[in-house]
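Colleague: If you scroll down you'll find the structure; I have some questions about it.
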Amino acid sequence: MDIEKNLSQTLAEMGTTLDGATNAQIFCALLRMVRDLETEMKPAEGNRKLYYFSAEFLVGRLLRANLVNLGLADDVERVLAAHGTTLAAVEDCEPEPSLGNGGLGRLAACFLDSIASLGLPGDGVGLNYHYGLFRQDLSEGVQREEPNPWIAPESWLIDTGTSFSVPFGFGPLAAHMYDIEVPGYENGVVNRLHLFDVEEPSPAPARGIAFDKGDVRHGLTSFLYPDDSDDAGRLLRVYQQYFMVSAGAQLILAELEERGFAPKELDRHVAVHINDTHPSMVIPELVRLLMERGIEFEDAAKIVERTCGYTNHTILAEALETWPMGYIEQVAPGIVPVIYQLDALARARTDDERVAVIDGNDVVHMANMDVHFSHAVNGVAALHAQILVESEMRPFAELYPEKFSNKTNGITFRRWLMGCNPELASLVTDAIGDDWKRDASRLEDLLSLSGDAGFVQRLLRVKEGNKERLAAWLRAEKNVEVDPHSIFDIQVKRMHQYKRQQMNALYAIWKYLQIKRGNVPNRPLTMVLGAKAAPAYTLAKDTIALLLALGRLIAEDPEVAPWLRLVFVENYNVTAAEHLIPAADVSEQISLASKEASGTSNMKFMANGALTLGTLDGANVEIAELVGRENIYLFGRSSEDVIGLYDRCDYRPWDVWQADGELAEILDFICSPELLARGDAGCITRVYRDFIAKDYFMALLDARDYVAVKERCLADYEDRAAWGEKALVNIAKSGFFSSDRTIREYNRDIWHLS
Ligand code: CR1
Numbered sequence: 053m054d055i056e057k058n059l060s061q062t063l064a065e066m067g068t069t070l071d072g073a074t075n076a077q078i079f080c081a082l083l084r085m086v087r088d089l090e091t092e093m094k095p096a097e098g099n100r101k102l103y104y105f106s107a108e109f110l111v112g113r114l115l116r117a118n119l120v121n122l123g124l125a126d127d128v129e130r131v132l133a134a135h136g137t138t139l140a141a142v143e144d145c146e147p148e149p150s151l152g153n154g155g156l157g158r159l160a161a162c163f164l165d166s167i168a169s170l171g172l173p174g175d176g177v178g179l180n181y182h183y184g185l186f187r188q189d190l191s192e193g194v195q196r197e198e199p200n201p202w203i204a205p206e207s208w209l210i211d212t213g214t215s216f217s218v219p220f221g222f223g224p225l226a227a228h229m230y231d232i233e234v235p236g237y238e239n240g241v242v243n244r245l246h247l248f249d250v251e252e253p254s255p256a257p258a259r260g261i262a263f264d265k266g267d268v269r270h271g272l273t274s275f276l277y278p279d280d281s282d283d284a285g286r287l288l289r290v291y292q293q294y295f296m297v298s299a300g301a302q303l304i305l306a307e308l309e310e311r312g313f314a315p316k317e318l319d320r321h322v323a324v325h326i327n328d329t330h331p332s333m334v335i336p337e338l339v340r341l342l343m344e345r346g347i348e349f350e351d352a353a354k355i356v357e358r359t360c361g362y363t364n365h366t367i368l369a370e371a372l373e374t375w376p377m378g379y380i381e382q383v384a385p386g387i388v389p390v391i392y393q394l395d396a397l398a399r400a401r402t403d404d405e406r407v408a409v410i411d412g413n414d415v416v417h418m419a420n421m422d423v424h425f426s427h428a429v430n431g432v433a434a435l436h437a438q439i440l441v442e443s444e445m446r447p448f449a450e451l452y453p454e455k456f457s458n459k460t461n462g463i464t465f466r467r468w469l470m471g472c473n474p475e476l477a478s479l480v481t482d483a484i485g486d487d488w489k490r491d492a493s494r495l496e497d498l499l500s501l502s503g504d505a506g507f508v509q510r511l512l513r514v515k516e517g518n519k520e521r522l523a524a525w526l527r528a529e530k531n532v533e534v535d536p537h538s539i540f541d542i543q544v545k546r547m548h549q550y551k552r553q554q555m556n557a558l559y560a561i562w563k564y565l566q567i568k569r570g571n572v573p574n575r576p577l578t579m580v581l582g583a584k585a586a587p588a589y590t591l592a593k594d595t596i597a598l599l600l601a602l603g604r605l606i607a608e609d610p611e612v613a614p615w616l617r618l619v620f621v622e623n624y625n626v627t628a629a630e631h632l633i634p635a636a637d638v639s640e641q642i643s644l645a646s647k648e649a650s651g652t653s654n655m656k657f658m659a660n661g662a663l664t665l666g667t668l669d670g671a672n673v674e675i676a677e678l679v680g681r682e683n684i685y686l687f688g689r690s691s692e693d694v695i696g697l698y699d700r701c702d703y704r705p706w707d708v709w710q711a712d713g714e715l716a717e718i719l720d721f722i723c724s725p726e727l728l729a730r731g732d733a734g735c736i737t738r739v740y741r742d743f744i745a746k747d748y749f750m751a752l753l754d755a756r757d758y759v760a761v762k763e764r765c766l767a768d769y770e771d772r773a774a775w776g777e778k779a780l781v782n783i784a785k786s787g788f789f790s791s792d793r794t795i796r797e798y799n800r801d802i803w804h805l806s
């Protein structure tokens, strides 16, 4: 196809030319070109079709990802270069869709890419949030939340003109379907992400994210995870969930009929996947719809159980949703009798109260309903699946041993290597050919270059180039200066106590005090953090305030600033990740062992040649097995130790503070006048108090080991050749974490699509 001609034509219709157009106009022309090409393409076909239900799809910007998968990225880059611009500059005009929050949503996006790329019939089902989770503003030294509108007059959303009527308690509400196309990698396939929306969405709040949560007809799709600290907010979440699954279930049955099958054949021709508990009501909704079509309850329940699969993404109790039956009565009265019948059916299988669908207080346990009425339940990394079976879901695993399995998470290398790190991708291709682009396990061929000093040098130079580009991006976009010759040590993920960003703050204080005492390092260190905190999660927001104050203190100290920087990247999102990850030297994966179900940034960093500094938690365990202990920096208590400490209630941070003078000095520094003066003193003091009185995720327990191992890691950086070899092994072994591998396993064991 003649890209130059196509673009010139579109731009002419817009009244301009390739040389005269702004990057924004070129973006529009490319968007139209891609959309036109994709409307010509067909979805994958097969006897069974998958519907992947998820509250989040953190898709990221879509222009480059689409061009990569259509095989056009290099050609477009050439055409743009001939006209004085670049794809990077053009894609900067694309607003990032705000349809997700963290790893769970990004995983769903990687999965859609892999499903299409493997040529499997499968669509996503979600909601079209207008203002996202929120845009993070840090200008006042604390997190402020602002709406994050992203839908432009011309976007990737296709108005299908289709809608379904969702039977809410207050009456029917139309769910309008918008689609985003999901092309496979160079295989001619285009699947879809279906996003349901209200017909008359509310305008964005002028400031902040407070809005009328009672105005469901207009506000239902305003925000992802609306504040649930009051009844109206919790009800709105139930409205959102039922809206998504009712419209999705109706879509499934309509397509089933279109394909010429009867409702009772649902399980033979459809697989439904429930991504965490947010879509759980799809189970009673499908049962209800089958009963409406004349199928008896017991048969309907059997059919639905054979159709559904459920993935658990966390063992944190706070995330296993429960809803009072009263809420469901108000929101979705049609499924209430079904849930009572499902509860009775589950009780006929076992009298174990711990696994009841409805408990003695008339509260519905969504995960319990999922496990009883899905034929497959999985964890997202080996350790996580083991913890589910052995402790968190033990009664279930004893009842239904055959349902449980592990599916270790993965990432799409199209976005997380080819898209975000073209320099590394072409170095790899020059070395081992391009088979790895279709089969990431072939990255192992790189091991044959181990010991090749010239190659390792080139690898290190790619990293240096990426660090320079990151420095330029941080200057232009975030107004911060970093030294590209320093070590880039990066922790980016949602802000949560179990992920222990607060432990990284302790390291920064320790390092600051060391430098003040004249112990300057070999080389400057740049610590980069990025994270959004849930708006109602006080301690997480307090930790951000602490990190911001520390960053200021360090930057303002002329003795320390040349050696240490602590940068907190505002509004961390997929786009920021695409700049940060290729430039990282050290990947911080420091959650309390047993708490991080998998993690996926650990995989992205690894594939981009960063070395992991982490605990034996989530998928870090599998990373360590793959690369060997000499190519990863591990510290901290094991998951067995931690689980034992919780069981015996045997951890008292107060004692640690009293016994360990050096640690106490670091902790007490949190409340030093110089630090309190540089940030929100109330927030910072709360972090201090929590450390000493509670420290629920045991940061103090692992702090010393963390500092020691981090120092060893930073010292090792100085042997550049040896470091380069370790990076090489990490890249070579990262292929296991391709989401193509993950999806093959889901398909083989759960979905059976073809
Ligand atoms: C987990 O915390 C995992 C992703 C994707 C998150 C993270 O460890 O990598 O899911 N869970 O499986 C989550 O967001 C609500 O739960």
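My numbering runs 52 ahead of the 1-based position in the sequence shown. All residues carry an ideal CB built from backbone N, CA and C; glycine is no exception.
1. Have a look at L341 and Q302 and give me their C-alpha separation to the nearest angstrom.
2. Hey, how far is the Cα of G651 from the Cα of G666?
3. What three-state label does DSSP hand V580 in the structure shown?
4. Does DSSP put C701 in a helix, in a strand, or in coil?
5. Relative to the ligand CR1, is the shortest distance from any of its heavy atoms to the C-beta of G171 smaller than 7 Å?
6. Taking 7 Å as the cut-off, is the CB of N461 close to at least one heavy atom of the ligand CR1?
7. Just to confirm the assignment, what range does the alpha helix (DSSP H) spanning P474 have?
8. Would Y230 and D249 be called neighbours here (beta carbons separated by less than 8 Å)?
9. Could you check if V679 belongs to the surroundings of the ligand GTP, using beta carbon to heavy atom distance under 7 Å?
10. Would S806 pass as a contact of N99 if the rule is Cβ separation under 8 Å?
11. For N200, which option in S426, A433 and P257 has the closest C-alpha, if you only look at C-alpha atoms?
12. By Cβ distance below 7 Å, which residues in the same chain neighbour Q77 in space, the five residues on each side in sequence not counted?
13. Name the one or two DSSP bridge partners that L245 has.
14. Between which two residues does the beta strand (DSSP E) holding G666 run?
15. Taking the DSSP output, what are the residues bridged to F540?
16. Quick check on V619: does DSSP put it in helix, strand or coil?
17. For a minimum of 4 consecutive residues, which ranges assigned as the alpha helix (DSSP H) are wholly contained in the stretch 100-163?
18. Which term fits M85, buried or exposed, when burial requires 16 or more other beta carbons within 10 angstroms of its beta carbon?
19. Applying the 10 Å Cβ sphere with the 16-neighbour rule, what's the burial state of A649?
20. Run the Cβ filter for me: residues under 6 Å from any heavy atom of the ligand CR1, listed in the order they occur in the chain.
21. So, helix, strand or coil for S691, using DSSP?
22. Quick one: complete alpha helix (DSSP H) runs, 4+ long, within the stretch 374-454?
23. When DSSP labels each residue in this structure, what does I347 get in the three-state scheme?
24. Could you tell me whether the stretch 134-146 touches the stretch 163-171, using the rule of 3 or more Cβ pairs below 8 Å?
25. Of the residues R116, H436 and M470, which one's Cα is nearest the Cα of T366?
26. Quick check: the Cα distance between V508 and L618, rounded to an integer number of angstroms?
27. Does the structure place the stretch 603-618 close enough to the stretch 495-503 that three or more beta carbon pairs sit under 8 Å?
28. Residues in its own chain within less than 7 Å of L159 by CB, not counting five upstream and five downstream?
29. How far does the beta strand (DSSP E) with I633 in it reach, from first residue to last?
30. When burial is assigned at 16 or more other CB atoms within 10 Å of the CB, is N413 buried or exposed?
31. Note down the Cα distance separating A396 from Y291, rounded to an integer number of angstroms.
32. Leaving aside the five residues before and after V708 along the sequence, list all residues of the same chain whose C-beta is less than 6 Å from its C-beta, in chain order.
33. Just to check my reading of the structure: R467 and A117 have Cβ atoms closer than 8 Å, yes? What is that Cβ distance to the nearest angstrom?
34. Hey, how far is the Cα of Y183 from the Cα of W202?
35. Could you check how far apart the C-beta atoms of D535 and T578 are, in whole angstroms? I think they sit under 8 Å.
36. How would you call L368, buried or exposed, if buried means at least 16 neighbouring beta carbons within 10 angstroms?
Modeller: Taking the definition as stated:
1. C-alpha separation (whole angstroms): 8 Å.
2. 11 Å
3. In the structure shown, V580 sits in a strand (DSSP, three-state: E or B).
4. coil
5. no
6. yes
7. P474 to I484
8. At the C-beta level, Y230 and D249 come within 8 Å of one another.
9. Summarising the ligand content, the structure contains the ligand CR1 and does not contain the ligand GTP.
10. It is a contact, given that the beta carbons lie within the stated cut-off.
11. P257
12. L63, M66 and T68
13. Paired residues: G176 and I232.
14. L663 to G666
15. T578
16. strand
17. Complete alpha helix (DSSP H) runs here, min 4: 115-122, 125-134 and 139-143.
18. buried
19. buried
20. G154, G155, L156, L159, D328, H365, T366, A371, V432, N461, E648, A649, S650, G651, T652 and G670
21. helix
22. 377-383, 388-401, 418-424, 434-439 and 446-451
23. Residue state, collapsed to three classes: coil.
24. no
25. H436
26. 29 Å
27. Two segments are said to touch when three or more pairs of C-beta atoms, one from each, lie closer than 8 Å; by this definition the stretch 495-503 does not touch the stretch 603-618.
28. Setting aside the 5 residues that flank it on each side, L159 is surrounded in the same chain by N461 and T652, each with a C-beta closer than 7 Å to its C-beta; the list follows chain order.
29. Careful: I633 lies outside any beta strand (DSSP E) and carries neither H nor E.
30. exposed
31. 25 Å
32. The residues are L752.
33. Confirmed, Cβ separation roughly 5 Å.
34. Between the C-alpha atoms of Y183 and W202 there is a straight-line separation of about 7 Å.
35. Right, the Cβ-Cβ distance comes to about 7 Å (below 8 Å), so this counts as a contact.
36. exposed
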